[in-house]
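Note sheet for the following structure.
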Amino acid sequence: MRRNIVAGNWKMNKRFEEANELVNDLMDCLEKIDDLKAEVILCPPFPYLELCTDMSQESYFAVGAQDVSEHESGAYTGEISASMLESLGLDYCIVGHSERRAYHHETNAVVANKVKQLLANKISPIVCCGEVLSEREADKQFDVVREQISESLFGLNAEEFGKIIIAYEPVWAIGTGKTATPEQAQEMHAFIRSIIKEQYGAEVADNTSILYGGSCNAKNAEELFANPDVDGGLIGGASLKAEDFAKIIISFK
Ligand code: PGA
């Protein structure tokens, strides 16, 4: 089902006590929201997942991981499997983030494997896509995003695809303070929905939540979320302060 979603990607930030404080502050903020119009997902670093799943029992957020192994289990030192995430009660996991693509060799084929592991464990993948600046300057952003989505996701059947959340994150906008304009976001989100429609039909396309990410903050969220094909955001920097994150959560009309 298509729904509004605001997911916070903490990346590699916060020590344990700070994480605890952030979640507590966020719980206070969520408590004060009368009419919550979005599903809220926190994606903390692995060591804080259990803290967050425990606290989520008393609040209005779900929990996701920032990454998962493409392998099922075994001799993969340092890796975390989808089954481990499932055993902690997680519902979501980010895959294909541009930072993992850039620094950890995460190709579309690897993303496809991770998605399969997650789906086998009933975890919804939040699959990131997006072009780098040189690709946008060369007007190749649509080709790049089409390739990322088709290579990592179009091996799924329609039922499996129904569990996917897409996050469009133009790499030039991540952590740079340079947000895509609402027009640029809407244009790409509509394009993404159109290729999903080509592959799986109108119903699946209409039901897919497509989030925007890249310097989305308390000031620009409302304008971005007002677009018909923007169903929320994947928030990095602005998810590290409870009040800022809460303002983004209430940015839906
Ligand atoms: P940002 O990061 O909001 O700090 O730009 C978004 C992301 O990378 O998910």
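Just so we're aligned, residue 4 is where the sequence shown starts under the numbering used here, counting upward by one. All C-beta atoms in this analysis are idealised placements derived from N, C-alpha and C, irrespective of residue type, glycine included. It should be emphasised that the depicted structure is a prediction, and the values quoted were computed from it without experimental measurement.
Residue 240 (DSSP reduced to helix, strand or coil)
helix
To the nearest angstrom, report how far apart residue 153 and residue 202 are at their CA atoms.
9 Å
Would you list, in sequence order, the uninterrupted alpha helix (DSSP H) runs of no fewer than 4 residues that lie entirely inside the segment 167–221?
185–203 and 205–210
Strictly by DSSP, which residues pair up with residue 83?
According to DSSP, which records beta bridges pairwise, residue 83 is partnered with nothing at all.
How big is the Cα-Cα spacing for residue 191 and residue 144?
9 Å
Contact the segment 232–252 vs the segment 7–25: 3+ CB pairs below 8 Å:
yes
Judging by CA-CA distance, which residue of 189, 59 and 167 is the nearest neighbour of residue 129?
167
Classification of residue 60 by the beta-carbon crowding that lies within 10 angstroms, buried from 16 upward:
exposed
Buried versus exposed call for residue 4 [16 or more other C-beta atoms within 10 Å across all chains shown]:
exposed
To which residues does DSSP link residue 132 through a beta bridge?
171
For residue 25, the residue or residues it bridges with in DSSP:
Its beta-bridge partners do not exist; DSSP assigns none.
Let me know if residue 117 comes out buried or exposed under the rule of 16 or more other beta-carbons within 10 Å of its beta-carbon.
buried
Applying the 10 Å Cβ sphere with the 16-neighbour rule, what's the burial state of residue 141?
exposed
By DSSP, does residue 3 sit in helix, in strand, or in coil?
Outside the displayed range of the chain (4 to 256) lies residue 3, so it cannot be described from this structure.
Are there any heavy atoms of ligand 1 lying less than 7 Å away from the beta-carbon of residue 219, as far as the coordinates show?
yes
In this structure, what does DSSP give as the bridge partners for residue 10?
44 and 237
Considering Cα atoms alone, identify which of 41, 67 and 104 is closest to residue 90.
67
Short Cβ contact (8 Å threshold) for residue 169 with residue 219
no
Of the choices 102, 127 and 86, whose alpha-carbon is the least far from that of residue 173?
102
Going by other Cβ atoms of all chains shown within 10 Å of its Cβ, with 16 needed for buried, is residue 100 buried or exposed?
buried
Selected residue, minimal CA-CA separation from residue 199, among 106, 235, 87 and 158:
158
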